[in-house]
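Structure record follows, encoded as C-alpha cells.
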Amino acid sequence: MKLFTSPTTPFGRKVLLAAAIKRVDDQIETVNADTNPPGNAELMKFNPLGKIPVLVLDDGTPLFDSAVICQYIDTLGEPDAPRLIPEHGPDRWATLRLAALADGIAEAGILIFYESRFRTAEHHNADWISRQQQKVDAGLDYFDQHPLGWDVQPDYAHLSLAAALGHLDLRHGRRWRTDRPRLVNWLDHFGNAVPAYAKTTPVG
Ligand SMILES: N[C@@H](CCC(=O)N[C@@H](CS)C(=O)NCC(=O)O)C(=O)O
C-alpha cells in the first residue's frame, strides 16, 4: 500500500502511528505528496480534495480521510494485534468522539498556520485567528481536565491527540504546554508507550 502524506501532517502521522500499533507499518510505503498546485495533480487523481493523507490500496483503491484510513488499518494485522477502535457500544462512540475533538484541535491549528503561510500580514484576519485559537485552547483544556488513560495499548483517540499535540509543538511552539501539566505528562507517557511517536517526529 502507498500512503501519500508529508513529514509534517498530523493526520498522516496519525495513520503511521495506527499502522505501527497494528504492526502493519512494513506493508505501507510512504510517498511525499505535494498538496500545492500544480504539483498536486497526482494526488488529486486519488483524492479530488487534494488533501493528505491518502492510502492507496494494492488494488488501486484510494482511501481518505485519516479517520477512514485508520478504520481500515484497524481491520488489518494479526489477530492478536490491539484494536484501535472498539467494535461497538459506548466505548466506540467515546473513542470516535474524542478522536474528532483531537482532529478538530489539529484542524484549527492548521487554519491558523495557513493564515500566516498563505496570506501576507496585511491580510491576516485577527478575528478569524482568534476564533480558531479559542477552539484549540478549549479542546486542549478539555483533554487537560479529562486525561485519556489506557489499560494496555493506546487507541485511536490517543494517537489522534498525540498527533495533534505534536503538530502544535511544530507549528505553534510549546505554548500549549503552559498551565497544562497533565496534558504534558500525558504526551510524555504516550511517547514512552509508543516508540513510533519519536520516529515520526515532524520536521518542517
Ligand atoms: N480531515 C482530513 C484533513 C486532512 C488535511 O487537512 N490535510 C492537510 C495537511 S495537514 C492538507 O492536505 N492540506 C492541503 C489542502 O488543504 O489543500 C483528514 O483527517 O485526513
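Okay, so the sequence shown: first residue is 6 according to this note's numbering, each after it adds one. The C-beta atom is built at its ideal place from N, Cα and C for all residues, glycine as well.
Backbone secondary structure at residue i - three-state DSSP
i, result
"K19", "helix"
"V29", "coil"
"F9", "strand"
"L48", "helix"
"V36", "strand"
For residue i, the first and last residue of its enclosing alpha helix (DSSP H)
i, result
"E112", "95 to 123"
"N197", "186 to 198"
"V73", "71 to 78"
"Q150", "131 to 150"
"D174", "161 to 177"
Exposed unless 16 or more other CB atoms sit within 10 angstroms - verdict on residue i
i, result
"G114", "buried"
"F123", "exposed"
"K19", "buried"
"W155", "exposed"
"D30", "buried"
"T206", "exposed"
"N52", "buried"
"Y161", "buried"
"W181", "buried"
"V199", "buried"
"V157", "exposed"
"Q137", "buried"
"G171", "buried"
"L54", "exposed"
"Y202", "buried"
"P152", "exposed"
"G235", "Past the edges of the chain, shown from 6 to 209, lies residue 235, and the structure says nothing about it."
Beta-carbon separation (whole angstroms), residue i vs residue j, contact threshold 8 Å
i, j, result
"I117", "I134", "5 Å"
"L175", "G209", "6 Å"
"I74", "P95", "In fact, because the Cβ distance is near 24 Å, the residues do not count as touching under 8 Å."
"V61", "K7", "5 Å"
Limits of the beta strand (DSSP E) - the one that residue i falls within
i, result
"D60", "For the sequence presented, residue 60 should be read as Leu rather than Asp. From DSSP, the beta strand (DSSP E) with L60 extends over 59 to 61."
"E83", "Element bounds for E83: n/a, residue is neither H nor E."
Chain B within 8 Å of residue i, Cβ atoms only
i, result
"G178", "Annotation note: the requested chain B is absent from the structure, which comprises a single protein chain."
So, does the region 133 to 152 touch the region 78 to 88, judging by three or more C-beta pairs under 8 Å?
Counting Cβ pairs under 8 Å, fewer than three are found: no touch.
Are the region 8 to 18 and the region 27 to 46 touching, with three or more C-beta to C-beta distances below 8 Å?
Segments in contact, yes.
Between the region 89 to 109 and the region 44 to 58, can you find at least three pairs of beta-carbon atoms closer than 8 Å?
Taking 8 Å as the limit for Cβ pairs, the verdict is that the region 89 to 109 does not touch the region 44 to 58.
Closer than 8 Å is the cut-off here; do at least three beta carbon pairs connect the region 184 to 198 with the region 165 to 174?
Cβ pair count under 8 Å is three or more, so yes.
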